[in-house]
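Inspection log for the structure reproduced underneath, given as structure tokens.
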Amino acid sequence: MLAWHHTFTFAQLPTPSLVGYWQNWNDPASPYIQLDQVDARYNVIEVAFGVPINGTDYQIGFTPDGVSQSTFISQLQYLQGLGKKVLLSIGGANDPVKLDNATERDTFVSSVTSLLNTYGFDGIDIDFEGTSLSVSSSSTIANPTDAHIINLIDAIEAIMANYRNSFNKKMLLTFAPETAFVQGGMSQWGGLWGAYLPVLHALRDSIDLLHVQLYNSGGMYGIDGNIYSQGTADFIVAMTEAVIQGFDVPLSGNQAGPFIGFPQEKIAVGLPACPNAAGGGFTDPDTVKAAIDYLRGLGPKPGSYTRQGGPYPNLRGMMTWSINWDAVTTCNATAYEYAANFVDIFFPCVKPNLGPDVSACTISFPYTLNSGTSTNTNVTFTWMNLTTNQILVENSPTANTWDISTAGVYRVIRDSLSCSKSDDISVLNDLPSPSLPASENICAVVPLTLSAANSGSFPGGTSWQWYKDNVAIAGATSPSLDTIRFAAAYKLAAQYGSCSTESTTNVTSSLPTPVDDCVAPGSQAQLSIQTASFGPFNWYANSTGGTSLGTGTTFTTPPLSSTTTYYLEDASTAGITTTGPPPTNNGLGTLQNWASPTQIIFDAETSFTLKELTVYPMIWCYTHTLSFEIRDASDNVLPNGAQSFSIT
Numbered sequence: 027m028l029a030w031h032h033t034f035t036f037a038q039l040p041t042p043s044l045v046g047y048w049q050n051w052n053d054p055a056s057p058y059i060q061l062d063q064v065d066a067r068y069n070v071i072e073v074a075f076g077v078p079i080n081g082t083d084y085q086i087g088f089t090p091d092g093v094s095q096s097t098f099i100s101q102l103q104y105l106q107g108l109g110k111k112v113l114l115s116i117g118g119a120n121d122p123v124k125l126d127n128a129t130e131r132d133t134f135v136s137s138v139t140s141l142l143n144t145y146g147f148d149g150i151d152i153d154f155e156g157t158s159l160s161v162s163s164s165s166t167i168a169n170p171t172d173a174h175i176i177n178l179i180d181a182i183e184a185i186m187a188n189y190r191n192s193f194n195k196k197m198l199l200t201f202a203p204e205t206a207f208v209q210g211g212m213s214q215w216g217g218l219w220g221a222y223l224p225v226l227h228a229l230r231d232s233i234d235l236l237h238v239q240l241y242n243s244g245g246m247y248g249i250d251g252n253i254y255s256q257g258t259a260d261f262i263v264a265m266t267e268a269v270i271q272g273f274d275v276p277l278s279g280n281q282a283g284p285f286i287g288f289p290q291e292k293i294a295v296g297l298p299a300c301p302n303a304a305g306g307g308f309t310d311p312d313t314v315k316a317a318i319d320y321l322r323g324l325g326p327k328p329g330s331y332t333r334q335g336g337p338y339p340n341l342r343g344m345m346t347w348s349i350n351w352d353a354v355t356t357c358n359a360t361a362y363e364y365a366a367n368f369v370d371i372f373f374p375c376v377k378p379n380l381g382p383d384v385s386a387c388t389i390s391f392p393y394t395l396n397s398g399t400s401t402n403t404n405v406t407f408t409w410m411n412l413t414t415n416q417i418l419v420e421n422s423p424t425a426n427t428w429d430i431s432t433a434g435v436y437r438v439i440r441d442s443l444s445c446s447k448s449d450d451i452s453v454l455n456d457l458p459s460p461s462l463p464a465s466e467n468i469c470a471v472v473p474l475t476l477s478a479a480n481s482g483s484f485p486g487g488t489s490w491q492w493y494k495d496n497v498a499i500a501g502a503t504s505p506s507l508d509t510i511r512f513a514a515a516y517k518l519a520a521q522y523g524s525c526s527t528e529s530t531t532n533v534t535s536s537l538p539t540p541v542d543d544c545v546a547p548g549s550q551a552q553l554s555i556q557t558a559s560f561g562p563f564n565w566y567a568n569s570t571g572g573t574s575l576g577t578g579t580t581f582t583t584p585p586l587s588s589t590t591t592y593y594l595e596d597a598s599t600a601g602i603t604t605t606g607p608p609p610t611n612n613g614l615g616t617l618q619n620w621a622s623p624t625q626i627i628f629d630a631e632t633s634f635t636l637k638e639l640t641v642y643p644m645i646w647c648y649t650h651t652l653s654f655e656i657r658d659a660s661d662n663v664l665p666n667g668a669q670s671f672s673i674t
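Remember, our numbering sits 26 above the position in the sequence shown when you count from 1.
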């Protein structure tokens, strides 16, 4: 067996592609643009046109208009250096091309090959219109019989072979037929109707992009059997799906067909850039977006046509006639409206979404942050640590996620051509410290309760533990601790995931410190005060007081038969004065005796309203009850609430 192998370097079209025709002439309505000044969003430039010369319809020539040949080549190479593809479009609406015999075919091949070698184009675009192609009704798509169609197929294959030999890579090949030459085959077979189908079929493996002109068209059948009109979302969807799904050629009894569809990756939507760019078929940007979104499975059905298959998320892009028309503001309201719509459709200005803030307590490092958006052509990502003001990675085409190793505030910036949006996320060790008073006096309120005032700020599942002088208190596992009767350092520790915080309250006591005693059963114990305060001192058998068993700094117990607890009261802490101005100013301030109920009597010289009465509790080192009532001069008890008094 003889095997032949050769490796070629392939010239790939950008994905997605924005194809624009560049006019090699000056038109006052759509002025000339220097080739190297083409808007950056166009990544496939079709130079219009290579046209027949010397009175033929088959020998192709091209001469730059407005600049020298060397300048044009330099500008073309500049665009190629930016990664753009520049092709020579052959034909056009005003210059039919027809290869009736082998001589014309060979002349076509040699002239086009010469242009490719001279200028260094990346390939050719076939835009044969008018009388360029016609098909006999007896011909078929798979086996054409018309000489000029067979010659065109052979010529393109020869040009591609020459290109490989010259440049050691595949020549790019695009087609821009009018609808009658393609989808028109569904309504009629013969003449121009369906005439491109045999060429497309024969070269399908070599064709890089097919963008049928969805303008200057009459109504056309969709593959659902209905007719659709240009300038509508239905027309875009129906005509585009037809060349992807393929279709029968019914009026030939389908003997000419069927036409087998192209992969979605080889299809672009061709439309005029603005209303004046074509005789018909202009479609506003919102409608174009709705149609393409539906084709790609990214939006609802925008009209009456229902996709017969799909969706087609890998649709290659968009084409327009022309870049020059897109540039002017006298046709659309703004320049480059078509290019901007392409970016909006294929590179939507997506805001990244890092999601809600994350507690570092519940995750493990390294931790992956996800921008919530996918990578794509012309999309880059920049990640920053805002806590340290550090750029972690800049303009990366692949970093739609990023791993972090420490807590902090992070930002991702997504750039897509002219669109830049960002999102921030906090990954913080954010467990708060329990809010406790710095200190408490155990004699102020007995029994004392300590509680974290901010316990509601802690996440569910937080665990708690109280400590007394750094020793864990058994069962004290809530944010509150009550029945505190002893001076000590009380600490509350909170734990959530890997995070822990704590706070401490120093509880002190103004009570005297009695000294315990140990005696034999039946003996009396001698209790004394080691640290005395002011006094007088009372000794009790109950924590709530009652009948005093003795007074003074020492106390002799009755004979004891078991361990017994006695309670000591410092009576000097029981008194307190009411607040307010002295009686001469109609205030209530007098010293109140704690030993028995008391009353406050005052005289008023003018009418007044009693709005509020505040009773401050007497300081006891045991539980007590307070109550009060208000009586008038006749000793009648007054109801609660504000009271007005008239002085007579």
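Beta carbons are placed, not taken as given, at the ideal position from N, Cα and C, and that holds for glycine. Remember, predicted model here, so these are calculated numbers, not experimental data.
Is the beta carbon of L297 less than 7 Å from the beta carbon of V225?
As a first step, residue 297 is located in the sequence shown; it is residue number 271 there, counting from the start. As a first step, residue 225 is located in the sequence shown; it is residue number 199 there, counting from the start. No. Outside cutoff.
When the distance is taken between beta carbons, is L507 closer than 7 Å to W492?
Residue numbering aside, residue 492 sits at position 466 when the sequence shown is read from its first letter. Residue numbering aside, residue 507 sits at position 481 when the sequence shown is read from its first letter. Contact flag set, yes.
Between the CA atoms of T424 and P78 - distance to the nearest angstrom:
If you number the sequence shown from 1, residue 78 lands on position 52. If you number the sequence shown from 1, residue 424 lands on position 398. Between P78 and T424, the C-alpha separation is close to 47 Å.
Does any residue of chain B bring its CB to less than 7 Å from the CB of N421?
Here there is only one protein chain, and chain B is not present.
Tell me the rounded alpha-carbon separation between Q85 and K195.
In the sequence shown, counting from the first residue as 1, residue 85 sits at position 59. In the sequence shown, counting from the first residue as 1, residue 195 sits at position 169. One C-alpha to the other measures close to 25 Å.
Please state the DSSP three-state secondary structure of N619.
One-based indexing of the sequence shown puts residue 619 at position 593. Residue confidence for N619 is low, a pLDDT of 45 falling below 50, so the modelled location carries little weight; the figure read from the coordinates is stated next. DSSP places N619 outside both helix and strand once states are collapsed to three, so it counts as coil.
Per DSSP, cross-strand counterpart(s) of F407
Here the question's residue 407 lines up with position 381 in the sequence shown. Under DSSP, the beta-bridge partners assigned to F407 are S422 and R440.
For the stretch 161-173 against the stretch 201-220, do three or more pairs of beta-carbon atoms, one drawn from each stretch, fall closer than 8 Å, so that the two count as touching?
Because the criterion of three Cβ pairs below 8 Å is met, the stretch 161-173 and the stretch 201-220 touch.
Alpha carbon to alpha carbon, how far is S477 from L586? Give it in angstroms, no decimals.
Residue numbering aside, residue 586 sits at position 560 when the sequence shown is read from its first letter. Residue numbering aside, residue 477 sits at position 451 when the sequence shown is read from its first letter. Spanning the alpha carbons of L586 and S477 requires a straight line of approximately 39 Å.
Could you check the C-alpha separation between D383 and L44 for me, to the nearest Å?
For the purposes of this step, residue 383 is identified with residue 357 of the sequence shown, where counting begins at 1. For the purposes of this step, residue 44 is identified with residue 18 of the sequence shown, where counting begins at 1. Their Cα atoms are separated by approximately 39 Å.
Taking Cβ positions, are Y222 and P203 nearer each other than 7 Å?
On the sequence shown, residue 222 is found 196 positions in, with the first residue counted as 1. On the sequence shown, residue 203 is found 177 positions in, with the first residue counted as 1. In contact: Y222 and P203 (Cβ atoms closer than 7 Å).
Looking at C-alpha atoms only, which residue of D53, G118 and V73 is the closest neighbour of F98?
Against the sequence shown, residue 98 aligns to sequence position 72. For F98, the nearest C-alpha among the options comes from V73.
Starting from S385, follow its DSSP beta bridges and name the residues at the other end.
As a working note, residue 385 is residue 359 in the sequence shown. L454.
Cut-off 7 Å between Cβ atoms - residues of its own chain near F288, not counting five sequence neighbours on either side:
Position 262 of the sequence shown, counted from the first residue, corresponds to residue 288. Excluding residues within five positions, the ones whose Cβ falls inside 7 Å are R230, L236, V269 and I270.
Can you tell me where the beta strand (DSSP E) with F581 in it begins and where it stops?
Locating residue 581 in the sequence shown gives position 555, counting from the first residue. Its beta strand (DSSP E) spans residues T580 to T582.
In terms of residues, what are the limits of the beta strand (DSSP E) holding Q521?
Working through the sequence shown from its first residue, we reach residue 521 at position 495. For Q521, the enclosing beta strand (DSSP E) stretches over residues A514 to Y522.
Taking the alpha carbon of A519 as the reference point, which residue from C525, S529 and R511 has its own alpha carbon closest?
Working through the sequence shown from its first residue, we reach residue 519 at position 493. Nearest of C525, S529 and R511 to A519, Cα basis: S529.
Taking only runs of the beta strand (DSSP E) that begin and end inside the stretch 168-248, which ones reach a length of at least 3 residues, in chain order?
Runs of the beta strand (DSSP E) inside the stretch 168-248: 198-201.
Which residue wins for smallest C-alpha separation from S255, given the options V533, G146, L277 and Y331?
Stepping through the sequence shown from its first residue, residue 255 is reached at position 229. In terms of CA proximity to S255, Y331 leads the group V533, G146, L277 and Y331.
Less than 8 Å between C-beta atoms, sequence neighbours within five positions excluded: which residues of the same chain meet that for M186?
Reading the sequence shown from its first residue, position 160 is the one you call residue 186. Within the same chain, Cβ atoms closer than 8 Å to the Cβ of M186 are found at K196, M197, L199 and S232, the five residues on either side in sequence being excluded.
Buried/exposed call for G442, threshold 16 Cβ in 10 Å
Here residue 442 corresponds to residue number 416 of the sequence shown, with the count starting at 1. First, the amino acid is wrong: residue 442 is Ser here, not Gly. Using a 10 angstroms sphere on the CB of S442, the tally of other CB atoms reaches 16 or more, which defines it as buried.
7 Å CB neighbourhood of A551 in its chain, flanking five on each side removed:
Position 525 of the sequence shown, counting from 1, holds the residue named residue 551. Closer than 7 Å at Cβ, skipping near neighbours: D543, V545, T583 and L586.
Based on Cα-Cα distance, which residue from Q106, L39 and G156 lies nearest to D121?
Here residue 121 refers to the residue found at position 95 of the sequence shown. Checked all of Q106, L39 and G156; the closest Cα to D121 is G156.
For Q290, three-class secondary structure by DSSP:
Reading the sequence shown from its first residue, position 264 is the one you call residue 290. It is helical.
Inspect the beta-carbon positions of A282 and G329 and report whether they are closer than 7 Å.
Position 256 of the sequence shown, counting from 1, holds the residue named residue 282. Position 303 of the sequence shown, counting from 1, holds the residue named residue 329. No, these two residues do not count as a Cβ contact at 7 Å.
Would P460 be called buried (16 or more neighbouring beta carbons within 10 Å of its own) or exposed?
The residue labelled residue 460 in the question sits at position 434 within the sequence shown. Classification of P460: buried, given that the 10 Å Cβ count is 16 or more.
Backbone CA spacing between T488 and G523 [nearest angstrom]:
What you label residue 488 is simply residue 462 of the sequence shown in a count that begins at 1. What you label residue 523 is simply residue 497 of the sequence shown in a count that begins at 1. Straight through space, the alpha carbons of G523 and T488 are spaced by roughly 8 Å.
K494 to N480 span [Cα, whole Å]:
By 1-based counting over the sequence shown, the position of residue 494 is 468. By 1-based counting over the sequence shown, the position of residue 480 is 454. Answer to the nearest angstrom: the Cα atoms are 21 Å apart.
Could you check what DSSP says for G46 in three-state terms: helix, strand or coil?
By 1-based counting over the sequence shown, the position of residue 46 is 20. G46 falls in the strand class under three-state DSSP.
Among all the DSSP beta bridges, which residues are the ones paired with S529?
Numbered from 1 along the sequence shown, position 503 holds the residue referred to as residue 529. Per DSSP, the beta-bridge partners of S529 are L518.
Residues near R131 in its chain [Cβ-Cβ closer than 7 Å; skip 5 each side]:
For the purposes of this step, residue 131 is taken as the residue at position 105 of the sequence shown. Once the five neighbours on either side are set aside, the close Cβ partners of R131 are L125, N177, D180 and A181.
Since T401 is in the alpha helix (DSSP H), which residue starts that stretch and which ends it?
The sequence position of residue 401 within the sequence shown is 375, counting from 1. In the DSSP assignment, T401 falls outside any alpha helix (DSSP H), carrying neither H nor E.
Straight-line Cα distance separating F391 from I555:
Locating residue 555 in the sequence shown gives position 529, where the first residue counts as 1. Locating residue 391 in the sequence shown gives position 365, where the first residue counts as 1. As the crow flies, the alpha-carbon of I555 is around 58 Å from that of F391.
Could you tell me the distance, in whole angstroms, from the CA atom of T140 to the CA atom of F134?
For the purposes of this step, residue 140 is taken as the residue at position 114 of the sequence shown. For the purposes of this step, residue 134 is taken as the residue at position 108 of the sequence shown. The sequence given here places Ser at residue 140; Thr does not occur at that position. If you draw a straight line from the Cα of S140 to the Cα of F134, it is about 10 Å long.
Whole-angstrom Cβ separation of Y566 and L553, contact assumed at under 8 Å?
To locate residue 566, count along the sequence shown from 1; it is residue 540. To locate residue 553, count along the sequence shown from 1; it is residue 527. Actually they are not in contact, since the Cβ atoms of Y566 and L553 sit about 12 Å apart, beyond 8 Å.
When the Cα atoms are used, what is the spatial distance from H32 to D148?
Taking the first residue of the sequence shown as position 1, residue 32 is located at position 6. Taking the first residue of the sequence shown as position 1, residue 148 is located at position 122. Summary for H32: the model assigns pLDDT 35, below 50, so the residue's position carries little reliability; its value from the coordinates is reported in the next sentence. Taking the straight line from one Cα to the other gives about 20 Å.
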